[in-house]
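Colleague: My questions will all concern the structure given below.
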Amino acid sequence: MTISLSGKSAEREQNVVLVGFMASGKSTIGRKLAKELGYRFVDTDEVIEARAGRPVRQIFEERGEAEFRKLETGVIAELAKDSRLVIASGGGMVLAPRNVELLKGRAFFVYLKTDSSVIYKRVRGSKNRPLLNVPDPLAEIEELMRGREKIYQQVADMTVDTGRATVGEAIKKIQGALKNGRWSG
Ligand code: S3P
C-alpha cells in the first residue's frame with residue numbers, strides 16, 4: 232500500500248526518528264515531542280537493555296560492539312514496521328545502512344546537531360557510554376564526530392542545532408516541519 236506522504240495524513244502514519252551523537256538530547260527531546268504529537272516514545276537503547284537484561288555498557292564489555300549492533304538492528308527492524316512512534320536512536324544507529332533503509336520509507340529523520348564541547352560537558356564523568364570510556368574522551372568525541380557528521384547530515388530530513396535552540400524550541404521546529412508535510416518519501 233502506498234501512503235500519501237504529504238500533509239496531515241502522513242503526519243498520522245509515520246514515525247519520527249531522532250539521530251545524532253551521544254548526549255545530543257535525543258531522549259529528552261524525543262520524550263517531550265512524543266507527548267506533544269500523541270505518539271509513543273521509544274528509546275532503542277532502553278529496548279536493547281530490557282531484552283538483554285543488562286546495561287549497554289555491560290553488553291559492550293561482555294559481548295562486544297558487533298553483538299550490540301546486531302541487537303540494535305533487530306530492534307530497528309521491529310520498530311520500522313510500526314507507526315506513530317518517536318524513536319530516539321543510539322548515536323551509532325546510522326552507521327549501518329541497513330538500519331536507515333529499514334526506517335526510511337516511513338520516517339522523518341531529525342538530526343540533533345550538537346558541538347563536541349557541549350557533548351563533552353554532558354558526558355564527562357559518566358561511565359554509561361562505553362565508546363567514551365577512554366583516556367581522552369574529548370579527542371574521541373571529535374574523532375567519532377568527524378566520521379559521523381556527514382552520515383547524520385545525509386540521512387536527515389531536517390537538522391536542528393541544539394546549541395542554538397532550547398528543548399522547547401527544538402520541539403516547535405520539528406512540529407512545524409511535520410505540519411508543513413516535510414516528510415521523506
Ligand atoms: C552509541 C551511542 C549510545 C549507545 C551505544 C553506542 C554510539 O546511545 O547506543 O553506547 O555508537 O554512538 P546514545 O546516543 O543514546 O548515547
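Add 231 to a position in the sequence shown, counting from 1, and you land on the number used in the working numbering. All C-beta atoms, glycine included, are put in the ideal place defined by N, C-alpha and C.
(1) Would you tell me roughly how many angstroms separate the C-alpha atoms of L302 and G412, rounded to the nearest one?
(2) State the Cα-Cα distance for the pair A338 and R329, rounded to the nearest angstrom.
(3) Is it the case that the CB of V287 approaches a heavy atom of ligand 1 more closely than 8 angstroms?
(4) Relative to ligand 1, is the shortest distance from any of its heavy atoms to the C-beta of L375 smaller than 8 angstroms?
(5) Three-state secondary structure (DSSP) at F339?
(6) Whether or not the stretch 306-317 and the stretch 362-375 are in contact is what I'm after, with contact meaning three or more pairs of Cβ atoms, one per stretch, closer than 8 angstroms; do they touch?
(7) Have a look at L334 and D392 and give me their C-alpha separation to the nearest angstrom.
(8) Buried or exposed, going by whether 16 or more other CB atoms sit within 10 Å of the CB of N246?
(9) So, for A408: in the same chain, excluding its five sequence neighbours on each side, which residues have a beta-carbon less than 7 angstroms away from its beta-carbon?
(10) Can you give the Cα-Cα distance for R271 and L310, rounded to whole angstroms?
(11) In angstroms with no decimal places, state the Cα-to-Cα distance between G295 and E267.
(12) Would you decide whether G238 is buried or exposed? Buried here means 16 or more other CB atoms lie within 10 Å of its CB.
Modeller: Reading off the structure:
(1) Your numbering for residue 302 matches position 71 in the sequence shown. Your numbering for residue 412 matches position 181 in the sequence shown. Their backbone Cα atoms lie some 32 angstroms apart in a straight line.
(2) Numbered from its first residue, the sequence shown carries residue 338 at position 107. Numbered from its first residue, the sequence shown carries residue 329 at position 98. So the alpha carbons of these two residues sit roughly 14 angstroms apart.
(3) Here residue 287 corresponds to residue number 56 of the sequence shown, with the count starting at 1. At least one heavy atom of ligand 1 is nearer than 8 angstroms to the Cβ of V287, so yes.
(4) Counting from 1 along the sequence shown, the entry for residue 375 is found at position 144. The answer is yes for L375.
(5) The sequence position of residue 339 within the sequence shown is 108, counting from 1. In this structure, F339 counts as strand in the three-state DSSP scheme.
(6) Counting C-beta pairs with one atom in each stretch, the stretch 362-375 and the stretch 306-317 have fewer than three that are closer than 8 angstroms, which means they do not touch.
(7) Residue numbering aside, residue 334 sits at position 103 when the sequence shown is read from its first letter. Residue numbering aside, residue 392 sits at position 161 when the sequence shown is read from its first letter. Distance from the CA atom of L334 to the CA atom of D392, rounded to whole angstroms, is 23 angstroms.
(8) Position 15 of the sequence shown, counting from 1, holds the residue named residue 246. That one is buried.
(9) To locate residue 408, count along the sequence shown from 1; it is residue 177. Once the five neighbours on either side are set aside, the close Cβ partners of A408 are M389.
(10) Along the sequence shown, read from residue 1 onward, the residue named residue 271 stands at position 40. Along the sequence shown, read from residue 1 onward, the residue named residue 310 stands at position 79. Computed Cα separation, rounded: 11 angstroms.
(11) Here residue 295 corresponds to residue number 64 of the sequence shown, with the count starting at 1. Here residue 267 corresponds to residue number 36 of the sequence shown, with the count starting at 1. Within the model, the alpha-carbon separation for G295 versus E267 is close to 37 angstroms.
(12) Here residue 238 refers to the residue found at position 7 of the sequence shown. Low per-residue confidence applies at G238: pLDDT is 45, beneath 50, and the placement is therefore not dependable, though the value from the model is reported in the following sentence. So G238 counts as exposed.
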